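Asker: One structure, as structure tokens, below. Some questions next.
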């Protein structure tokens, strides 16, 4: 279906203003809303990077609500890079926006690389699961997802430079409700594998909605 987007602005708990975008903000009935977190700000990460764009767009095409945003210190976002700890406030601000835009929707946290790492530390009653793309499974704060019953689907590139499948399996041993999916032929950038990312995301949100298709 067509995707409708518009710019938005988030306000964090410590008073920073962050630019972002929302998809399907005008839809009256949205069961799920997705907050998408981008890769490392110090290495070119922003809300416009390819995997973030892929997840954000597929969410919109599925008729879901979606929010993407720039972490503090990126582009026109106020503040400075906080090592992944202060950025937790940015994610909470995005959840706040999603909850205000779609009051009846449950929230899914999605992220690529650094964004996935930060998302894994978020414990908020409004979110129902995590979709992580190429996380290193060494989050910058206590990892909520490790012992949480809410599901985590993590895509692990077969040739990831930081946490390839054997490393990812070792680091997540004993984690609750965690599914690791190897993306064959891919490295950390997922270049050329965006369609697989989108399809796995669709499968994950379908499972949360009770849709086995």
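Residue numbers (the numbering used here): 1473 to 1685.
All residues carry an ideal CB built from backbone N, CA and C; glycine is no exception.
Model, not experiment: these values are computed from the prediction.
With DSSP run on the structure shown, which of helix, strand or coil describes residue 1520?
Answerer: coil
Asker: Return the CA-CA distance between residue 1684 and residue 1678, expressed in angstroms with no decimal places.
Answerer: Low local confidence applies: a pLDDT of 39 at residue 1684 is under 50, so the model's placement there is unreliable, with the coordinate-based value given in what follows. Rounded to the nearest angstrom, the two C-alpha atoms are 6 Å apart.
Asker: Which of the three DSSP states is assigned to residue 1654 in this structure?
Answerer: strand
Asker: With 16 other CB atoms within 10 Å as the buried threshold, where does residue 1511 fall?
Answerer: buried
Asker: Can you tell me which of the three DSSP states residue 1498 falls into?
Answerer: coil
Asker: Using a Cβ-Cβ cutoff of less than 7 Å, which residues in the same chain neighbour residue 1476 once the five nearest sequence positions on both sides are dropped?
Answerer: A distance below 7 Å between beta-carbons, with the five flanking residues on each side excluded, links residue 1476 to the following residues of its chain, in chain order: 1495, 1496, 1498.
Asker: Please classify residue 1482 as buried or exposed, where buried requires at least 16 neighbouring CB atoms within 10 angstroms.
Answerer: Classification for residue 1482: buried.
Asker: Just the Cα atoms here: how many angstroms apart are residue 1513 and residue 1541?
Answerer: 12 Å
Asker: State the Cα-Cα distance for the pair residue 1615 and residue 1592, rounded to the nearest angstrom.
Answerer: 6 Å
Asker: With H, G and I counted as helix, E and B as strand and the rest as coil, what does DSSP make of residue 1605?
Answerer: strand
Asker: So for residue 1560, helix, strand or coil by DSSP?
Answerer: helix
Asker: Which of the three DSSP states is assigned to residue 1542 in this structure?
Answerer: Three-state result, residue 1542: coil.
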